[in-house]
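Engineer: Provided herewith is a single structure, encoded as structure tokens, for subsequent inquiry.
Numbering (the numbering used here), first residue to last: 4 to 238.
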């Protein structure tokens, strides 16, 4: 059977670029199963070589993650992806793998505001958000709200964006197939219908672990142009 006349030749620049991107995706997935010093940003300049240097078990697990993401419709952000947030490059340990569900164009929004705060938000604070957030969002049409999906202030921030028909970015502290808190899975449809985006730097089936929250929080802050702390306990 002859190839389609529109298909790129095997050695064409487009085919070569696609091959590199495929290798970068697999490398990103495999990075979940190696030590933090085994791969660097530079590894993505030579992804085939980097893959060859990894333990076979890590590559095999990476292929499983890659297949899961393809099956579930998750996009994979890695350091060579065109929409990988440039601000992540300034981190001491930038994430090499980020799975995404939704509209990636939110990552290029001109203004991204992180709204975070207490999981045990007071009624006074909740009322304040109900009263003030609609006005703020109406006056700030370019702002995309970023938060972490946690109970309390995070979910209240996402809700106000959704109510206003605005996209919001949610960074999960667990994998996209194992949401934490569990009710976060009920937010997926509303967030996506509003044109939003859900992100995770963890394997799709990963549980939420204590250290995940700090790692998740640094990405929320790094992605955002500003951070608004609604309410927090003194530490």
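No residue lacks a Cβ here, since even glycine has one placed at the ideal position from N, Cα and C.
Identify whether residue 171 lies in helix, strand or coil by the three-state DSSP scheme.
Structural biologist: Residue 171: strand per DSSP, three-state reduction.
Engineer: Could you give the first and the last residue of the continuous alpha helix (DSSP H) run that contains residue 117?
Structural biologist: Run containing residue 117: none in the alpha helix (DSSP H); it sits in the beta strand (DSSP E), 114-119.
Engineer: Assuming residue 153 contacts residue 122 under a Cβ cut-off of 8 Å, what Cβ separation, rounded to an integer in Å, is found between them?
Structural biologist: Contact flag correct, Cβ pair sits at about 6 Å.
Engineer: Whole angstroms are fine: how far does the CA of residue 221 sit from the CA of residue 1?
Structural biologist: No information on residue 1 is available, as it lies outside the stretch 4 to 238 that the chain covers here.
Engineer: Am I right that residue 115 and residue 149 are in contact with their C-beta atoms under 8 Å? What's the rounded C-beta distance?
Structural biologist: Their Cβ separation, rounded to whole angstroms, is 5 Å, which keeps residue 115 and residue 149 in contact under 8 Å.
Engineer: Starting from the C-beta of residue 111, find all residues in its chain whose C-beta is less than 8 Å away, skip the five residues before and the five after it, and write them out in chain order.
Structural biologist: 86, listed in sequence order.
Engineer: Can you list, in chain order, the residues of its chain with a C-beta nearer than 7 Å to that of residue 188? Leave out the 5 residues immediately preceding and following it.
Structural biologist: Cβ neighbours of residue 188 beyond the five flanking positions: 182.
Engineer: Which residue from 223, 89, 92 and 202 puts its Cα closest to that of residue 77?
Structural biologist: Selected option, being the one with the closest Cα: 202.
Engineer: Give the DSSP-derived three-state secondary structure of residue 37 in the structure shown.
Structural biologist: Looking at residue 37 - three-state DSSP - the assignment turns out to be coil, as it is neither helix nor strand.
Engineer: Relative to the C-alpha of residue 98, which residue among 79, 229 and 107 is closest?
Structural biologist: With distances taken between Cα atoms, residue 98 lies closest to 79.
Engineer: Excluding the five sequence neighbours on either side, which residues of its own chain have a C-beta within less than 8 Å of the C-beta of residue 141, listed in chain order?
Structural biologist: Once the five neighbours on either side are set aside, the close Cβ partners of residue 141 are 167.
Engineer: Which residues in the same chain as residue 89 place their Cβ atom closer than 6 Å to its Cβ, once the five residues preceding and following it in sequence are excluded?
Structural biologist: Answer for residue 89: no residue qualifies.
Engineer: Between the C-alpha atoms of residue 16 and residue 29, what's the straight-line distance to the nearest angstrom?
Structural biologist: Roughly 20 Å between the two C-alpha positions.
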